[in-house]
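Here's the structure we're looking at; comments come further down.
See the structure below:
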């Protein structure tokens, strides 16, 4: 008796075609090309989920550098002063404060300056 795999195979192919929907040319309707494209897309998605975290941290650091420079501090001094002042705010929340609540960020910068001055 012959065993048929056609239903499962068809379902697997449909799943691949569904995942490659919206692509241009053969990348959406030829099985071999679709397989290559889907594997490649999954690899990039996996890699870029990790890179996104790196990119956002770099963005927050850039924003904090600009904000700290307004108050005469370098980024490294600012972060060191936060540690000395025992202010436990992460870079994301600090950059949001710098953008949306500049008065609060100015107070934090003042505290950081005082802690740096007292440490020296």
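Numbering (my numbering), first residue to last: 6 to 125. Cβ coordinates follow ideal geometry from the N, Cα and C atoms, glycine included. The structure displayed is predicted, hence computed values, not measured ones.
Distances from the CA of residue 72 to each of 55, 11, 124, 97 were compared; the closest alpha carbon is that of 97.
With respect to the C-alpha of residue 70, the residue from 99, 46, 30, 20 having the closest C-alpha is 99.
Residue range 36-75 is occupied by the alpha helix (DSSP H) that includes residue 65. The Cβ neighbour count for residue 8, taken over all protein chains shown within 10 Å, is under 16; the residue is labelled exposed. Residue 91 sits in coil when the DSSP states are folded into three classes, being neither helix nor strand. Counting only the Cα atoms, residue 60 lies some 24 Å from residue 92.
Nearest to residue 113 by alpha-carbon distance, out of 123, 125, 124, 90, is 90.
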